[in-house]
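Report on one structure; see the data block that follows.
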Amino acid sequence: MSANAFQQLQDLLQEIEAANPANAEAIEQFRLRFLGSNNVIKPLMGEIRNVPNEQKKEFGQLINKAKEQAEAKFDALKAVAEAAAEKSQAAGLDITAPGEPIDLGSRHPVAVTLNRIVRIFERLGFVVAEEREIEDDWHNFSAMNTPADHPARDMQDTYYLRNSTEMLLRTHTSSVQARVMTSQKPPIRIIAPGRVYRNETISARSHCQFHQVEGLYIDKGVSFADMKQTLYYFAREMYGPNTKIRLRPSFFPFTEPSAEMDVSCFICNSKGCRVCKYSGWVEILGCGMVDPQVLINCGIDPEEYSGFAFGMGIERQAMMLYTITDIRLLFENDVRFLKQFSSVI
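Below, the structure is given as structure tokens:
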């Protein structure tokens, strides 16, 4: 029996070496015969118990050789077949045919508006400053002249971190101003764009998260007139060369005096429409001269330096620019809505 098993192995080795399947089906048959779960080599492995002890090693080596040669032959046949298939496919490819169209994405209207605002202020020498969204109470409130018992805190419903009264999701990017003022010496000329969070009911006009751009300029001799001219330049660049502005007295804890700035309605040319509530004016930002106490809090001498600050919501600017009536559209990522901005850069 052992002599017959040796002969069968020799015959299988010769068959493996001589095999030359011509197509994919024949290659698969080769695999099943020599490498499948019921291959022809497997039964011979049981014959090793009938082989004399002095021949067991030789018999085992022949079995391993048959398996290895079968695997090598199959890999070689498979590689040749795949190469031939690729060559055949390439031969049938018309390289002169037009390519498949690729759907390009579009910029988000908030990103488009933010980039536009940043470019305007960069032309005035402002540099972008970015900071953390999880902030401590001091940089977010106290440094900005808003101590724990200040009534202005009631204006902003804050998301505090769980089990913490010190760490919170920033309610405005004024915290970036505080960090810059405590780490840099004047002159300072920055804009601080970023996402902010407030615990507000989500509706067509408000959201619990939105984006702001705040600006800060501190140097010797900075005046209210400097602020007015800076913001007038911004309004004309943003909304058109015929845009007019007006400043109305207001209150912010970190500026004094403070103002709200309106621009003449660019939708109706100040004739009156739904966007401007038929007043001819649209409010776009808050501003004011930096309160001396804020400078003191951040280690800047108010006797030597003065400055102005301003802040605006990016979503509000985007909604006015593109006549969007529901702020929720800016956060829902509806492709049908976003595709309308595919031509905007």
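Last residue of the sequence shown: number 345 in the working numbering, and the count goes up by one each step with no gaps. By construction, the Cβ of each residue, glycine as well, lies at the ideal position given by its N, Cα and C atoms. All values reported here derive from a predicted model rather than from experimental measurement.
In this structure, how does DSSP classify residue i when only helix, strand and coil are distinguished?
i, result
"S301", "Contrary to the premise, residue 301 reads as Asp rather than Ser in this sequence. In this structure, D301 counts as coil in the three-state DSSP scheme."
"M1", "Only weak support is given to the placement of M1: the predicted model assigns it a pLDDT of 43, under 50, and the value that follows is read from those uncertain coordinates. Three-state DSSP puts M1 in coil, outside helix and strand."
"L35", "helix"
"R132", "coil"
"G313", "strand"
"L124", "coil"
"P52", "coil"
"P187", "coil"
"V282", "strand"
"I63", "helix"
"F252", "strand"
"L247", "strand"
"D226", "helix"
"R160", "The question names Arg, but residue 160 in the sequence shown is Tyr. Looking at Y160 - three-state DSSP - the assignment turns out to be strand."
"D94", "coil"
"S264", "strand"
"E237", "helix"
"S275", "In the sequence under discussion, the amino acid at residue 275 is Val, which differs from the Ser named in the question. Residue state, collapsed to three classes: coil."
"V180", "helix"
"R116", "helix"
"S342", "coil"
"L330", "helix"
"F141", "coil"
"P21", "coil"
"G99", "coil"
Alpha carbon to alpha carbon, what distance is there between residue j and residue i?
i, j, result
"I41", "D94", "47 Å"
"N199", "Y159", "6 Å"
"F341", "R316", "17 Å"
"R336", "I202", "22 Å"
"L124", "L330", "29 Å"
"S183", "G272", "46 Å"
"N50", "R33", "24 Å"
"E133", "N115", "20 Å"
"L62", "P98", "57 Å"
"P253", "S164", "24 Å"
"K57", "L13", "17 Å"
"D334", "S279", "33 Å"
"R328", "P249", "30 Å"
"Y305", "A204", "42 Å"
"L338", "S106", "7 Å"
"G36", "F6", "21 Å"
"Q293", "M181", "13 Å"
"F126", "P147", "29 Å"
"D149", "F141", "11 Å"
"A85", "Q55", "45 Å"
"Q229", "L161", "40 Å"
"L295", "R189", "14 Å"
"E237", "I120", "7 Å"
"D226", "K185", "20 Å"
"A259", "F224", "11 Å"
"H207", "N242", "32 Å"
"T25", "A79", "With the sequence shown as reference, residue 25 is identified as Glu, and Thr is not the correct amino acid for it. About 14 Å."
"N23", "A72", "17 Å"
"P302", "R274", "43 Å"
"A83", "P52", "46 Å"
"G46", "E68", "18 Å"
Considering only the beta carbon of each residue, do residue i and residue j sit closer than 9 Å?
i, j, result
"M144", "N269", "no"
"P193", "I117", "yes"
"I314", "T113", "yes"
"A16", "A81", "Here residue 16 is Ile; the residue named in the question, Ala, does not match the sequence. It is not a contact, given that the beta carbons lie outside the stated cut-off."
"P187", "D219", "yes"
"F30", "F74", "yes"
"V196", "Q209", "yes"
"Y239", "F266", "yes"
"E122", "T173", "no"
"M320", "G286", "no"
"L44", "Q8", "yes"
"V290", "A309", "yes"
"L169", "D136", "no"
"P101", "I324", "no"
"E214", "V176", "yes"
"A129", "I191", "yes"
"A178", "H139", "yes"
"Q212", "G311", "yes"
"L104", "P21", "no"
"N39", "A18", "no"
I'd like to know if residue i contacts chain B, where contact means its C-beta is closer than 9 Å to some C-beta of that chain.
i, result
"M167", "Of the chains in the structure shown, none is chain B; there is only one protein chain."
If I'm right that residue i touches residue j with Cβ under 8 Å, what's the distance once you round it to whole angstroms?
i, j, result
"G307", "L216", "6 Å"
Since residue i sits in a beta bridge, which residues does DSSP pair it with?
i, result
"Q209", "Y197"
"A376", "Outside the shown range of the chain (1 to 345) lies residue 376, about which nothing can therefore be said."
"C287", "A259 and F310"
"M378", "This structure leaves residue 378 out entirely; the chain is present only between 1 and 345."
"D219", "S306"
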